[in-house]
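Working notes for the structure below.
2 protein chains.
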Amino acid sequence: MKVSELGEFGLIDLLAEMAYQAQDKEIPAWQQLIIGIGDDAAAWHSKSLTQLVTVDSFIQDVHFSLDITPWKELGWKALAINLSDIAAMGGVPQYAVISLALPNDTEVDSVTSLYQGMIELAQQFGVAIVGGDTSRAPQVVINITVLGSARSQSSPRSQYENILTRSGARAGDKIAVTGYLGAASAGWEMLTRKLQFDAEATAHLKQAFLHPYPRIAEGQLFLDHGVKAAIDISDGLASDLKHICQSSQLGARIDVDCVPIHPDVRANFGGRALELALSGGEDYELLFTGSAEIIDRIKMIAPCPITVIGEIVGKESKITLVDHQGNPFKLPRQGWEHFTKGQTS
Amino acid sequence: MKVSELGEFGLIDLLAEMAYQAQDKEIPAWQQLIIGIGDDAAAWHSKSLTQLVTVDSFIQDVHFSLDITPWKELGWKALAINLSDIAAMGGVPQYAVISLALPNDTEVDSVTSLYQGMIELAQQFGVAIVGGDTSRAPQVVINITVLGSARSQSSPRSQYENILTRSGARAGDKIAVTGYLGAASAGWEMLTRKLQFDAEATAHLKQAFLHPYPRIAEGQLFLDHGVKAAIDISDGLASDLKHICQSSQLGARIDVDCVPIHPDVRANFGGRALELALSGGEDYELLFTGSAEIIDRIKMIAPCPITVIGEIVGKESKITLVDHQGNPFKLPRQGWEHFTKGQTS
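Those protein sequences? They're chains A and B, same order as listed. Per the numbering used here, the first sequence starts with residue 821, numbered consecutively. Per the numbering used here, the second sequence starts with residue 821, numbered consecutively.
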């Protein structure tokens, strides 16, 4: 059945029922909910003193292609990129509102798969889907807003005490990343150019591109251990580090030989592996800074690999890339930016 | 200059600067803000126990046409329809996050005009624009999320005590509306079909269509005086009343001769005036229910006309339209619904 046969209100009822079925009364977000889908606004009791909000658009043929992205994975990913922003604040995601714009001839089954992907991720992180809207459009546009809260601290010394910001880097801080880089953009290339790799590499790169896992637990752990600055890697390491440098009004030196490239990327993309890791984007790993002691402590207890890749230096917001010998390294491509000529997703 | 020449980050900087310039430290939303535009998420101190969130998409050639909507008015209206949802909850709007998707060849001046329209409205209602995202797209898509809070009450007797909901109607309640209906859709027809009316009617109908004014003060007043149920009229009186009836599991009888049609609509649209008022939509007036005593009290102090148009009756979620003599009235068109065949904006 097409969404044009079901109609807007039929579709809303169907999606509201899916969100309702997914509720879990053990989860604080659901316990505190007063009004969910089906009124002019959603409403909930707030127990936190610091609220967080983030939003991302996910547009067909700009951010994603249905040729390589199944609907369920699309739903997962569209929500994951928002949860990743909450992770980069060290926050706890709580509520999501979903705006869907769909062509009239979209299959209802596709929309429920999309929603199923979102619900699976939402359930893993205790997020309640509490509202949104639907409308028709020439192409699919998914716009998700996620509300969250900062973890409460008994007596924060400053208002920035309980969140990670882009402006929190200090000169001398080490720069570190979670997990491995480059696998998401390698997965995109593999799917788009129909490249053939061995089964394990194929599965891993596909997963990295279609199923990013937001580093929520890690963001909170960093905050607990004294990290002040973090960003999630969406546009590419080099591009996202620039945001930290600009906000903190400091420079950075990255040792490109330290950048953790996944073995599957290195094995299958040879000389381009480092470029994918530095500029590919969409890895949704966390990039963060802190003293050597703080990062050493985190390394010992983090649930994922933590790799130091450089340090915060100087007073200019300038990023220098060097190799292990200290020789300058030139990056062929700078990372994702919208509206820039010649760029295609 | 086109947005493609400025680039995504240049555009974000420009819009962030506009939002920053518009800040007003006298306004609670700005006072409580910790992180605005330019980080992974926005963050603020919350003093309210009940949070509200609403979202609406505004898509070119689906919800609006640039042929009849100047950019600044587009910005005003895109935000106004969201504030109207907060008004329909009796809430206080506080923060907005703006997602803009734009074609590459959009003029930067158009985008700043759009933002200017939003900022003007935001300033009138003490709303802080604290984040969003920008991306390219084949057509303009504006997605706005507004966060708000319910007014604090010293000791609410129930969790629904401090918000207006669609499910709050009671049998015997009178049904009332704010202002006049039909003018927005009359304005749309006038602009689309290039109809010629006298200068005063032209100005008024244009204003009604392009510049809806969210009934924030009225929503809060209704709540203060014991109203429990409200919705804003976006899809059309008949269609939106249906939401109240369904949520409240009650029916409604509307006396169509009581529906307040603006004189400019009546004078220029003759026999179609009532149809525009009942099904035209986009008036963003509030439709609410309450006892005769409550509505009489509100009538005396409301800053706008309040008109009783019917009452909540029966147990079925059925709406009956009658004229002054009690004869049934048949509505030619049911109100706006997306995905429905043959519908165009």
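Backbone N, C-alpha and C fix where the C-beta goes; we use that ideal spot for every residue, glycine too. Please read all numbers here as calculations on a predicted model, not as lab measurements.
Q) Is residue 956/B helix, strand or coil when you go by DSSP? A) Looking at residue 956/B - three-state DSSP - the assignment turns out to be strand.
Q) Nearest to residue 1046/B by alpha carbon, out of 1068/B, 990/B, 1001/B, 956/B? A) Looking at the Cα atoms, 990/B is the closest of the given residues.
Q. How big is the Cα-Cα spacing for residue 837/B and residue 984/A?
A. Note on geometry: alpha-carbon atoms of residue 837/B and residue 984/A lie some 22 Å from one another.
**Q.** residue 1083/B versus residue 1009/B - alpha carbon distance
**A.** Take the alpha-carbon of residue 1083/B and the one of residue 1009/B: they are about 16 Å apart.
Q | C-beta neighbour in chain A for residue 1164/B, strict 7 Å | A | Confidence is the limiting factor: at residue 1164/B the pLDDT is only 36, short of 50, which leaves the residue's position unreliable and the question unanswerable from this model.
Q. Would you say residue 1069/B faces chain A, with C-beta separation under 7 Å as the test?
A. Output row for residue 1069/B: interface = no.
Q: Measure the Cβ-Cβ separation of residue 1141/A and residue 1085/A and say whether it is below 7 Å.
A: No, they are not a contact pair.
(Q) Closest to residue 949/A by C-alpha separation, out of 856/A, 959/A, 1134/A, would be which residue? (A) Answer by Cα proximity: 856/A.
Q) Would you say residue 1098/B and residue 1050/B are within 7 Å of each other, going by their C-beta atoms? A) Not in contact: residue 1098/B and residue 1050/B (Cβ atoms no closer than 7 Å).
Q. Cβ of residue 823/A within 7 Å of Cβ of residue 952/B?
A. No, the pair does not count as a contact, with Cβ atoms beyond the cut-off.
Q: Compare the beta carbon distance of residue 862/B and residue 873/A with 7 Å and say whether it is the shorter of the two.
A: Taking 7 Å as the Cβ cut-off, residue 862/B and residue 873/A qualify as a contacting pair.
Q. If we cut at 7 Å on Cβ distances, does residue 986/A have a partner in chain B?
A. At least one chain B Cβ lies under 7 Å of residue 986/A.
Q | Helix, strand or coil at residue 1164/A according to DSSP, with G and I counted as helix | A | Because the pLDDT at residue 1164/A is just 36, under 50, the model does not fix this residue reliably, and the value given afterwards should be weighed accordingly. If DSSP states are grouped into helix, strand and coil, residue 1164/A belongs with coil.
**Q.** alpha helix (DSSP H) segments (min. 4 residues) lying fully within the stretch 982–1069 of chain B
**A.** Counting only runs of 4 or more residues that sit fully inside the stretch 982–1069 of chain B, the alpha helix (DSSP H) segments are 1003–1012, 1019–1030, 1036–1044, 1057–1068, in chain order.
Q) Which residue from 905/B, 828/B, 1066/B puts its Cα closest to that of residue 955/B? A) Looking at the Cα atoms, 828/B is the closest of the given residues.
Q | Under the three-state DSSP convention, the category residue 1130/B falls into | A | Under the three-state reduction of DSSP, residue 1130/B is assigned to strand.
Q: Select from 1121/B, 869/B, 1048/B the residue whose C-alpha is nearest the C-alpha of residue 1037/B.
A: Nearest C-alpha to residue 1037/B among 1121/B, 869/B, 1048/B: 1121/B.
(Q) Ignoring anything shorter than 4 residues, give me the alpha helix (DSSP H) runs that lie fully in the stretch 851–890 of chain A, in order along the chain. (A) Segments of the alpha helix (DSSP H) lying fully in the stretch 851–890 of chain A: there are none.
Q: Could you spell out the range, first to last residue, of the beta strand (DSSP E) harbouring residue 1072/B?
A: Per DSSP, the unbroken beta strand (DSSP E) holding residue 1072/B starts and ends at 1071–1075.
Q) residue 829/A by DSSP, collapsed to three states: which one? A) Residue state, collapsed to three classes: helix.
**Q.** Rounded separation between residue 911/A and residue 854/B - CA only
**A.** If you draw a straight line from the Cα of residue 911/A to the Cα of residue 854/B, it is about 14 Å long.
Q.
Spatial neighbours of residue 1034/A within its chain, please: C-beta separation below 6 Å, excluding the five flanking residues on both sides.
A. Within the same chain, residue 1034/A has close Cβ partners 900, 903, 904, 907.
Q) Nearest-angstrom Cα distance between residue 939/A and residue 1150/B? A) Residue 939/A and residue 1150/B: Cα-Cα distance of roughly 42 Å.
Q. If we count the other Cβ atoms within 10 Å of its Cβ and call it buried at 16 or more, is residue 1147/B buried or exposed?
A. Residue burial annotation: residue 1147/B is exposed, with fewer than 16 other C-beta atoms found within 10 angstroms of its C-beta.
(Q) For a cutoff of 7 Å on Cβ pairs, would you count residue 865/B as touching chain A? (A) At a cut-off of 7 Å, the C-beta of residue 865/B has a neighbouring C-beta in chain A.
Q | Cβ of residue 1145/A within 7 Å of any chain B Cβ | A | False, the Cβ-Cβ gap to chain B never drops below 7 Å.
Q) DSSP beta-bridge partners for residue 932/B? A) For residue 932/B, which the question treats as bridged, DSSP gives no partner whatsoever.
Q) Can you tell me the Cα-Cα spacing of residue 931/B and residue 918/A, whole angstroms? A) Our two residues, residue 931/B and residue 918/A, have alpha carbons roughly 24 Å apart in a direct line.
Q. So what's residue 922/B in DSSP terms, helix, strand or just coil?
A. Residue state, collapsed to three classes: strand.
Q) Since residue 1087/B contacts residue 1021/B with CB under 8 Å, what's their CB separation in whole angstroms? A) Confirmed, Cβ separation roughly 7 Å.
Q: Compile a chain-ordered list of the residues in the stretch 927–939 of chain A whose CB is closer than 9 Å to at least one CB of chain B.
A: Close to chain B, meaning a Cβ-Cβ distance shorter than 9 Å, is no residue of the stretch 927–939 of chain A at all.
Q. Shortest alpha-carbon distance to residue 1091/B belongs to which of 1115/B, 1002/B, 1027/B?
A. A check of alpha carbon separations from residue 1091/B across 1115/B, 1002/B, 1027/B identifies 1002/B as the nearest.
Q. Between the Cα of residue 897/B and the Cα atoms of 946/B, 1131/B, 883/B, which residue gives the shortest distance?
A. Among 946/B, 1131/B, 883/B, the Cα nearest to that of residue 897/B is on 883/B.
Q) So, helix, strand or coil for residue 963/B, using DSSP? A) Judged by DSSP in its simplified three-state form, residue 963/B adopts strand.
Q. What do you reckon, are the CB atoms on residue 1136/B and residue 1039/B nearer than 7 Å?
A. Not a contact, by the Cβ cut-off of 7 Å.
Q: Output yes or no for whether 7 Å exceeds the beta carbon distance between residue 1131/A and residue 995/A.
A: Residue 1131/A is a Cβ neighbour of residue 995/A, given a cutoff of 7 Å.
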